[in-house]
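Protein chains in written order, with our numbering: chain S, 475 to 823; chain D, 127 to 519; chain E, 243 to 580.
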Amino acid sequence: MTSNTEQTTNSTNGHPLLDVKGLKKYFPIKKGFFKKTVGHVRAVDDVNFFIREGETLGLVGESGCGKTTTSRCILRAVDPTGGRVLYRAKSGATVDIAQLPASEMRRLRPEMQMIFQDPFASLNPRMNLFDIVSEPMFVNGIKSRSERADRVAELLQLVGLRPEYMQRFPHAFSGGQRQRIVIARALALKPRLVVADEPVSALDVSVQAQVLNLLLDLQEQLKLTYLFVAHDLSVVKHISTRVAVMYVGKIAEIAPTDALFNTPKHPYTAALMAAVPVADPRVRSKMIPLQGDVPSPANPPSGCYFHPRCPFAEAVCKQETPQLQEIEPNHFVACHRAKELELDGISAN
Amino acid sequence: MSTNLAPPVSDPQNLPPTGDEAAVVLPDIGRDAEAIYVAPNWKLVWWRFKKHRLALVSGIVVIFIATIALLPEFYSTLPPHESDSIRSFIPPQRLRFFAGDGTFLYVQDVKGQRNQKTLMMEWVPDEEKIIPVKLFARGFEYNLLGLIPTDIHLLGVENPDSGQKFHLLGTDRLGRDQWSRLMFGTRVSLSIGLIAVMLSIFLGILLGGISGYFGGTTDLIIQRLIELLQSLPPIPIWMALTASLPRDWSVEQTYFAITIILSLLGWTTLGREVRGRFLSLREEDFVVAAELIGCGKPRVIFRHMVPTFYSHIIAASTLAIPVMIINETFLSFLGLGMRPPAISWGVLLQEAQNLQSIALAPWLLLPGLAVIITVLALNILGDGIRDAADPYS
Amino acid sequence: MNNQQPLLSVRNLKTYFSLDEGQVKAVDGVSFDVNPGQVVGIVGESGCGKSVTIKSILRIIQKPGKIVDGQILFRHNGDSMLDLTQLNAQSEQMRQIRGAEIALIPQEPMAAFSPVHTIGNQIEEAILLHQPVSKQQARKIAIERLREVGVPSPERRIDSYSWELSGGLRQRAMIAMALSCNPKLLIADEPTTAIDVTTQAQVLNLLRDLQAQHDAAIIFITHDLGVIAQIADFVVVMYLGRVMETGPVDDIFHNPQHPYTKALLKSIPTVTSESGSRLPTIEGAIPHPFNRPAGCPFYPRCIEMMPGTCNTSTPSLQPVTDTQSASCFLYHKQTDDE
Ligand SMILES: Nc1ncnc2c1ncn2[C@@H]1O[C@H](COP(=O)(O)OP(=O)(O)OP(=O)(O)O)[C@@H](O)[C@H]1O
Ligand SMILES: Nc1ncnc2c1ncn2[C@@H]1O[C@H](COP(=O)(O)OP(=O)(O)O)[C@@H](O)[C@H]1O
Ligand code: SF4
Ligand code: SF4
Ligand SMILES: [Mg+2]
Ligand SMILES: [Mg+2]
Numbered sequence: 475m476t477s478n479t480e481q482t483t484n485s486t487n488g489h490p491l492l493d494v495k496g497l498k499k500y501f502p503i504k505k506g507f508f509k510k511t512v513g514h515v516r517a518v519d520d521v522n523f524f525i526r527e528g529e530t531l532g533l534v535g536e537s538g539c540g541k542t543t544t545s546r547c548i549l550r551a552v553d554p555t556g557g558r559v560l561y562r563a564k565s566g567a568t569v570d571i572a573q574l575p576a577s578e579m580r581r582l583r584p585e586m587q588m589i590f591q592d593p594f595a596s597l598n599p600r601m602n603l604f605d606i607v608s609e610p611m612f613v614n615g616i617k618s619r620s621e622r623a624d625r626v627a628e629l630l631q632l633v634g635l636r637p638e639y640m641q642r643f644p645h646a647f648s649g650g651q652r653q654r655i656v657i658a659r660a661l662a663l664k665p666r667l668v669v670a671d672e673p674v675s676a677l678d679v680s681v682q683a684q685v686l687n688l689l690l691d692l693q694e695q696l697k698l699t700y701l702f703v704a705h706d707l708s709v710v711k712h713i714s715t716r717v718a719v720m721y722v723g724k725i726a727e728i729a730p731t732d733a734l735f736n737t738p739k740h741p742y743t744a745a746l747m748a749a750v751p752v753a754d755p756r757v758r759s760k761m762i763p764l765q766g767d768v769p770s771p772a773n774p775p776s777g778c779y780f781h782p783r784c785p786f787a788e789a790v791c792k793q794e795t796p797q798l799q800e801i802e803p804n805h806f807v808a809c810h811r812a813k814e815l816e817l818d819g820i821s822a823n
Numbered sequence: 127m128s129t130n131l132a133p134p135v136s137d138p139q140n141l142p143p144t145g146d147e148a149a150v151v152l153p154d155i156g157r158d159a160e161a162i163y164v165a166p167n168w169k170l171v172w173w174r175f176k177k178h179r180l181a182l183v184s185g186i187v188v189i190f191i192a193t194i195a196l197l198p199e200f201y202s203t204l205p206p207h208e209s210d211s212i213r214s215f216i217p218p219q220r221l222r223f224f225a226g227d228g229t230f231l232y233v234q235d236v237k238g239q240r241n242q243k244t245l246m247m248e249w250v251p252d253e254e255k256i257i258p259v260k261l262f263a264r265g266f267e268y269n270l271l272g273l274i275p276t277d278i279h280l281l282g283v284e285n286p287d288s289g290q291k292f293h294l295l296g297t298d299r300l301g302r303d304q305w306s307r308l309m310f311g312t313r314v315s316l317s318i319g320l321i322a323v324m325l326s327i328f329l330g331i332l333l334g335g336i337s338g339y340f341g342g343t344t345d346l347i348i349q350r351l352i353e354l355l356q357s358l359p360p361i362p363i364w365m366a367l368t369a370s371l372p373r374d375w376s377v378e379q380t381y382f383a384i385t386i387i388l389s390l391l392g393w394t395t396l397g398r399e400v401r402g403r404f405l406s407l408r409e410e411d412f413v414v415a416a417e418l419i420g421c422g423k424p425r426v427i428f429r430h431m432v433p434t435f436y437s438h439i440i441a442a443s444t445l446a447i448p449v450m451i452i453n454e455t456f457l458s459f460l461g462l463g464m465r466p467p468a469i470s471w472g473v474l475l476q477e478a479q480n481l482q483s484i485a486l487a488p489w490l491l492l493p494g495l496a497v498i499i500t501v502l503a504l505n506i507l508g509d510g511i512r513d514a515a516d517p518y519s
Numbered sequence: 243m244n245n246q247q248p249l250l251s252v253r254n255l256k257t258y259f260s261l262d263e264g265q266v267k268a269v270d271g272v273s274f275d276v277n278p279g280q281v282v283g284i285v286g287e288s289g290c291g292k293s294v295t296i297k298s299i300l301r302i303i304q305k306p307g308k309i310v311d312g313q314i315l316f317r318h319n320g321d322s323m324l325d326l327t328q329l330n331a332q333s334e335q336m337r338q339i340r341g342a343e344i345a346l347i348p349q350e351p352m353a354a355f356s357p358v359h360t361i362g363n364q365i366e367e368a369i370l371l372h373q374p375v376s377k378q379q380a381r382k383i384a385i386e387r388l389r390e391v392g393v394p395s396p397e398r399r400i401d402s403y404s405w406e407l408s409g410g411l412r413q414r415a416m417i418a419m420a421l422s423c424n425p426k427l428l429i430a431d432e433p434t435t436a437i438d439v440t441t442q443a444q445v446l447n448l449l450r451d452l453q454a455q456h457d458a459a460i461i462f463i464t465h466d467l468g469v470i471a472q473i474a475d476f477v478v479v480m481y482l483g484r485v486m487e488t489g490p491v492d493d494i495f496h497n498p499q500h501p502y503t504k505a506l507l508k509s510i511p512t513v514t515s516e517s518g519s520r521l522p523t524i525e526g527a528i529p530h531p532f533n534r535p536a537g538c539p540f541y542p543r544c545i546e547m548m549p550g551t552c553n554t555s556t557p558s559l560q561p562v563t564d565t566q567s568a569s570c571f572l573y574h575k576q577t578d579d580e
């Protein structure tokens with residue numbers, strides 16, 4: 475498992491900025507008066523991937539498959555149960571975020587920031603725009619108010635907001651504008667890695683494109699590296715260099731965007747693509763639904779977690795958990811039958 | 127690619143016009159948009175609160191009652207402990223205006239008369255005699271707020287040397303002035319309520335906060351403690367605890383003991399709420415964001431978490447004070463709380479307990495009205511604050 | 243099937259909410275037709291009045307809200323058109339129409355089922371309310387309906403509670419309940435917004451099949467243009483309480499007329515669009531309902547806005563091609579102002 479990833483990380487061009495190996499996060503299920511642990515929700519269960527500097531890794535999957543938990547583990551907003559999160563810091567040293575003591579983690583914080591799904595919950599309603607956007611600088615040692623005010627004005631312009639808004643409180647802004655404020659705050663410390671957890675899912679359709687364009691422009695200007703989490707394949711396709719597909723706490727497939735969408739190798743990826751409603755009434759019949767439901771991560775099936783729904787399942791799938799393997803250059807799949815299956819991608823439409 | 131930080135989306139002229147996209151519009155508070163956009167939360171709460179007329183009036187009533195609790199000497203007309211067994215059970219003497227002789231403010235004097243049938247002493251208005259009364263009159267000496275010696279009272283007889291007395295709410299069995307006793311009782315009852323609530327809030331925030339923020343075993347222990355305390359029936363516990371207070375304790379000692387007993391059981395509800403708030407806030411995105419930008423724990427708690435429930439706590443405590451007041455009144459009424467010579471609303475009502483006094487001197491029940499007014503005003507005020515602080519829940 | 247005469251005809255519907263602060267014109271002059279057996283998709287962004295429109299049709303608008311103008315003509319018996327706005331919302335006739343002839347699949351199936359009764363009880367109750375059958379027969383019909391919507395082993399599932407079911411099964415049970423009385427019109431309010439793509443695909447396929455079998459008309463509400471393209475025959479595009487454009491689904495997607503429809507279609511990312519490219523955007527955001535612009539509701543964000551015209555009067559919905567109608571001054575001069 476991890477050995478495969480390690481080999482390929484070395485063989486690929488461009489050094490990974492982030493290398494996640496065997497990441498696990500189990501949430502205990504507690505019951506009774508003394509809150510005894512009776513089981514675990516395997517929210518993230520042996521996840522492996524890497525992100526190269528300057529690229530966008532899209533992370534897709536259905537609700538509850540562990541996307542948010544993965545992204546929070548990477549930023550140590552939650553403590554992982556196991557695994558390594560190797561990050562190549564600005565200083566050049568590679569550190570394991572999963573094991574870093576709190577004090578060193580705090581020193582690393584400016585390099586990695588997060589954008590949240592719900593723009594109404596991610597801004598403190600009691601602070602005005604200046605306080606919100608300048609707080610990262612304040613807690614990281616820039617105490618001069620005028621210096622911070624200049625930088626806040628610059629950041630607001632950068633994300634397309636008027637600097638005059640500085641005295642306003644979040645209640646004065648719509649969802650799209652709030653998301654811009656969240657982005658400005660994330661950029662205040664000049665981060666290298668930005669984790670965006672469904673940044674456009676809660677926005678109105680006509681506003682999503684604005685924020686997507688902004689994220690693309692900022693990446694180009696500021697040389698940012700993104701981990702972009704979404705449940706919407708179209709959005710992920712639009713913004714990502716490479717895409718990772720998650721299913722019940724595990725990575726099913728990782729590949730460069732075009733390869734993944736044109737020649738998916740994992741039956742789940744193909745099923746996900748077939749289920750996407752295409753915004754064209756002329757390509758209707760293509761929508762082939764997958765049968766059954768996503769299993770609970772507290773009680774996953776044996777072997778390949780996808781086998782109860784997989785149209786290609788064989789005996790081996792019920793017993794053995796498939797490992798993530800590189801079956802073509804840069805194309806990693808966790809499926810016993812990945813090499814033999816011919817699956818339809820998007821271009822087949 | 128330009129290296130300066132030029133706005134990538136659109137040039138500044140094309141930025142959305144100011145003020146057309148507000149997520150929350152508060153047209154009801156009659157301010158222009160920009161004023162609302164830059165208004166911090168407490169201002170929005172105040173603007174909303176002002177729209178709530180009944181709560182505003184209740185607020186004024188509460189402030190007035192609070193001044194009584196602070197300055198009972200000023201509001202009373204006679205020393206509360208001064209008894210005169212001859213003058214027992216005098217009915218309330220109403221304030222009147224414009225006597226025939228040109229006196230502006232006066233009360234009708236009373237005279238004792240034996241009832242021919244029952245042979246009891248009865249007080250009837252003395253048609254001939256009036257007692258001129260004035261505002262800011264001189265009376266018994268006291269220290270204002272315990273500091274400034276003075277003898278000025280809100281109301282008093284015009285001529286202090288005449289030896290005249292009047293009783294706005296009548297007198298009790300021992301001839302003590304009920305009005306003045308009610309003023310002093312207000313101090314005790316209100317302050318017990320307030321201090322007990324402040325103690326519960328302190329305990330509630332401390333323990334609830336610890337429980338909610340740190341979680342784990344600490345949380346488990348505090349949660350079990352709260353469950354234990356909440357499973358105890360409060361009334362028998364209070365009765366047992368207060369009944370066990372030594373009889374020979376001074377008024378002050380009993381006062382503090384009762385306050386602590388009341389708050390010991392009272393903090394659990396608030397503690398639960400605070401814990402719940404902390405638990406949910408810990409997961410809130412803006413709190414996670416604060417941690418991710420490098421804020422330390424104290425800053426996360428005091429700058430980001432606590433301010434979001436200030437108004438909630440103010441509302442909760444406003445609503446908790448009347449409960450404490452009723453509890454104290456109840457205990458004292460049963461003779462288990464404050465005891466004479468202390469004066470509290472409960473003590474006053476206790477003296478109106480027997481049937482004889484209800485028939486003979488119904489005005490002794492008037493402290494009950496004071497309890498009702500205070501409790502109502504505090505409840506309406508608390509509701510108003512809560513609605514203004516949390517209009518969408 | 244009589245396609246000449248619509249099953250439902252909404253004419254200039256206006257539903258306002260009078261709040262202390264002023265009036266929210268949630269629906270402000272909406273007109274569209276639903277023909278028998280047709281799937282009409284209503285698409286629009288949040289707050290544009292989709293839910294209020296269908297709540298008006300069902301006459302379940304909550305208190306400060308009121309239908310202030312317009313007609314909702316429903317083909318009740320044979321050819322007679324009944325104006326639902328003229329009925330008492332609580333009357334026996336309206337209650338019969340609601341449920342038996344027009345059924346609703348609500349947005350949140352979790353909230354729509356009572357957690358204290360089994361789904362079977364609730365479906366049976368709906369059947370007994372509108373059909374003269376015995377309790378046993380009702381149970382049989384309920385099982386049949388559950389089987390029809392693809393609930394596995396319905397004999398067993400009928401006795402489960404809604405919270406015991408997964409999201410997809412719950413949504414199916416909801417559809418079974420809506421279908422229980424063979425309604426002529428099925429209204430689905432964002433039935434797939436709260437569920438995942440794979441489940442969404444199941445539900446969409448199911449609705450398509452059921453529609454073909456029962457020949458019921460469907461009003462399908464969503465903000466997802468992909469879903470609309472997949473399910474609808476005819477599309478109504480709404481913005482800020484008004485209809486911007488109507489037309490057959492193919493024309494709306496391949497020959498949009500209204501500037502809002504055009505801009506919206508261009509601004510959504512699709513799985514076929516090129517990675518990393520910049521999408522054309524619609525500037526600004528949807529105004530708050532209290533700050534509705536005078537004139538064309540879309541003018542502050544419209545690139546083709548004509549000063550002096552668009553910001554002073556409101557264009558009415560007029561035919562602009564053989565099949566499509568649009569409310570835009572680029573095509574005509576008719577206004578909706580008195
Ligand atoms: N604090 C927690 N305690 C227990 N279980 C949790 C907790 N956080 C997440 N989970 C569980 O972990 C799994 C993955 O959750 P996660 O939030 O990462 O999913 P997601 O892919 O982001 O879903 P969504 O699209 O709904 O946000 C879910 O089954 C969830 O219920
Ligand atoms: N009960 C209500 N009171 C006041 N305004 C309402 C109410 N319900 C809906 N509205 C307003 O009506 C408009 C349309 O709402 P709705 O139809 O629910 O939108 P959507 O298209 O998202 O379903 C919104 O501006 C909303 O604020
Ligand atoms: S391992 Fe087997 S069950 Fe799993 S996806 Fe591959 S073929 Fe399907
Ligand atoms: S009427 Fe004017 S503003 Fe409205 S859509 Fe047409 S061109 Fe644009
Ligand atoms: Mg998530
Ligand atoms: Mg809706």
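Glycine residues also receive a C-beta, built at the ideal position from the N, C-alpha and C atoms.
Since we're looking at a predicted model, the values are computed, not measured.
- Under DSSP, residue 476/E forms a beta bridge with 282/E and 490/E.
- Here DSSP, grouped into helix, strand and coil, assigns residue 800/S to strand.
- Within chain S, no residue has its CB atom less than 9 Å from the CB of residue 328/E, the nearest being about 36 Å off.
- Under the rule that a run must span 4 or more residues, the alpha helix (DSSP H) segments found entirely inside the stretch 339-423 of chain E read 351-354, 361-372, 377-390, 396-399 and 409-421.
- Fewer than three Cβ pairs drawn from the stretch 716-732 of chain S and the stretch 546-562 of chain E lie within less than 8 Å of each other, which leaves the two stretches out of contact.
- Here residue 742/S carries a helix assignment [DSSP, helix/strand/coil].
- Shown here, residue 541/E sits in a helix according to DSSP, grouped into three states.
- Annotation: the continuous beta strand (DSSP E) that includes residue 270/E extends over 264-276.
- Identification of chain D residues near residue 736/S by a Cβ-Cβ cut-off of 7 Å yields none; the smallest Cβ-Cβ distance measures about 30 Å.
- If you keep only unbroken alpha helix (DSSP H) runs of at least 4 residues inside the stretch 379-433 of chain D, you get 411-418.
- Restricting attention to beta strand (DSSP E) runs no shorter than 3 residues, the stretch 673-754 of chain S encloses them at 699-704, 716-721 and 724-730, ordered along the chain.
- Neighbours of residue 469/E in chain S, taken as residues whose beta carbon is under 7 Å from its own, are 751 in chain order.
- Beta-bridge pairing by DSSP links residue 462/E to 283/E and 430/E.
- Around residue 463/E, the same chain offers 284, 292, 431 and 432 as residues with beta carbons nearer than 6 Å, after the five sequence neighbours per side are excluded.
- Chain-ordered listing is empty here: chain D has no CB closer than 7 Å to the CB of residue 678/S, the nearest sitting near 11 Å.
- DSSP places residue 557/E within a strand segment (E or B) once states are collapsed to three.
- Taking the CA atoms as reference points, residue 507/D sits about 13 Å from residue 437/D.
- Interface residue (Cβ-Cβ distance to chain D less than 9 Å): residue 609/S is classified as such.
- Using beta-carbon distances, residue 591/S counts as an interface residue toward chain D, with a partner under 9 Å.
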